[in-house]
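Residue numbers (the numbering used here): 1 to 338.
Glycine included, every Cβ here is placed at the ideal spot set by N, Cα and C.
For reference, the structure is listed below as structure tokens.
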Amino acid sequence: MFDWTHDPHRRFNPLTREWVLVSPHRTDRPWQGQTEETAVDHEPAYDPKCYLCPGNSRAGGVRNPPYISTFVFDNDFAALKPDTPVERFDQEGLLQAESEPGLCRVVCFSPQHNLTIANMDPSDLRIVVDTWVDQYLELGARPEINYVQIFENRGAMMGASNPHPHCQIWSSHTLPNESAREQASLLEWRERRGTCLLCEYARMERSAGERKVEENDAFLTVVPFWAVWPFETMVISKRHMSSIEQMTAAERDALADILKRTTARYDRLFNVSFPYSMGFHQRPTDGQAHDEHHLHLHFYPPLLRSATVRKFLVGYEMLATPQRDITAESAAKRLRNV
Ligand SMILES: [Zn+2]
Ligand SMILES: [Zn+2]
Ligand SMILES: [Zn+2]
């Protein structure tokens with residue numbers, strides 16, 4: 001008899017249309033809920049050496065204003081520049097390149113150096129949500145911008161260069177790979193079945209419950225059935241909406257609420273300020289309706305068994321297929337129990 005909780009199997013991600021290998025028998029050793037005494041963050045509320053703190057100077061000598069709420073500025077080391085001229089070449093289909101105009105911004109969540117989403121007041125987090133909406137609209141309205149990617153890298157383990165709570169917004173002329181892939185899947189699903197893939201998925205997860213981590217009036221956090229990272233989650237809007245500016249005021253509050261509650265669970269899991277990369281997927285800003293998109297966020301945290309043991313995507317994962325040991329269901333259970 002095949003046992004889904006024990007026997008090796010693969011699961012399909014309908015958003016990326018890729019498979020993940022699940023090998024739960026490799027974690028037969030009992031879960032020990034290990035929490036190590038790691039360097040608990042004792043960051044000060046203000047760090048005179050931090051280039052994101054209010055009043056401090058950044059690279060190039062620009063000085064931050066004495067901001068008291070969220071603070072947005074153009075990235076001093078932007079990967080994309082708005083005045084990039086349009087150019088493209090194609091050599092026999094083998095060497096293809098095109099110019100990529102864009103604009104990169106940084107959003108400091110708070111003037112306080114040592115606050116994370118998990119520790120912020122809901123009313124302050126709501127201001128961050130409002131800032132995301134404003135930036136999505138402002139950047140998306142620019143003629144050269146067709147996609148606005150909002151994302152946060154949290155923790156040195158994920159390559160975040162500064163502990164000051166902030167996210168980045170990279171807006172580009174073209175649709176990035178991940179969004180392009182999801183868009184194709186969402187479109188094809190809609191054409192074939194006449195429904196929204198993520199509306200259907202959210203409905204299924206709400207009734208199943210076994211992969212659910214958090215839920216409020218407007219949003220749902222689940223460890224997706226096809227998760228690759230050990231404690232990967234998706235935050236999905238319960239109502240069909242294609243982008244963040246379609247949220248009502250109550251839904252903006254609900255987003256702040258579920259982000260706080262989800263990241264607080266992460267922090268409690270291994271008793272550490274949990275590292276992750278997270279970000280939104282939503283419709284492009286190319287002027288089309290793109291009703292096939294369904295607003296959601298992905299959290300990709302690297303930690304596996306403790307605050308110090310991380311997962312690497314190497315070897316088989318690089319050359320063949322991503323693989324995980326604990327099932328999505330047992331990861332969700334652990335997150336629910338902290
Ligand atoms: Zn700072
Ligand atoms: Zn939907
Ligand atoms: Zn997505």
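Checklist entry - Run through DSSP, which three-state label would residue 167 get? => result strand
Checklist entry - Which runs of the beta strand (DSSP E) spanning at least 3 residues fall entirely within the stretch 211-281, listed in chain order? => result 212-215, 219-222, 233-237, 276-281
Checklist entry - Which whole-angstrom value describes the C-beta separation of residue 73 and residue 106, a residue pair presumed to lie in contact below a C-beta threshold of 8 Å? => result 6 Å
Checklist entry - Based on Cα-Cα distance, which residue from 267, 306, 244, 268 lies nearest to residue 280? => result 244
Item to check | Distance between beta carbons of residue 48 and residue 66, contact taken as under 8 Å | outcome: So it is not a contact: roughly 14 Å between Cβ atoms.
Checklist entry - CB-CB under 7 Å to residue 79, same chain, minus the five flanking residues each way: which ones, in chain order? => result 104, 170
Next on the checklist: Looking at the strands, I want to know which residues DSSP matches up with residue 57.
Outcome noted: 63
Item to check | residue 4, buried or exposed, once every other Cβ within 10 Å from all chains shown has been counted against 16 | outcome: exposed
Checklist entry - Between the Cα of residue 216 and the Cα atoms of 192, 237, 269, which residue gives the shortest distance? => result 237
Next on the checklist: I'd like to know whether the C-beta atoms of residue 272 and residue 307 end up nearer to each other than 8 Å.
Outcome noted: yes
Next on the checklist: Less than 8 Å between C-beta atoms, sequence neighbours within five positions excluded: which residues of the same chain meet that for residue 199?
Outcome noted: 240, 294
Next on the checklist: Just checking residue 187 against ligand 3 - is the residue's beta carbon closer than 7 Å to any of the ligand's heavy atoms?
Outcome noted: no
Checklist entry - Can you tell me where the alpha helix (DSSP H) with residue 76 in it begins and where it stops? => result Careful: residue 76 lies outside any alpha helix (DSSP H) and carries neither H nor E.
Item to check | Cβ pair residue 125, residue 259 closer than 8 Å | outcome: yes
Checklist entry - If you draw a straight line from the alpha carbon of residue 33 to that of residue 88, how long is it in whole angstroms? => result Reliability fails at residue 33, whose pLDDT of 45 lies under 50, so the model's placement of it is uncertain and the value that follows must be treated cautiously. Rounded to the nearest angstrom, the two C-alpha atoms are 53 Å apart.
Item to check | Whether residue 108 touches residue 71 by CB criterion (8 Å) | outcome: yes
Item to check | Boundaries (first-last residue) of the beta strand (DSSP E) holding residue 288 | outcome: Run containing residue 288: none; DSSP gives neither H nor E here.
Item to check | Nearest-residue set for ligand 3, Cβ under 7 Å from any heavy atom | outcome: 15, 178, 182, 281, 296, 298
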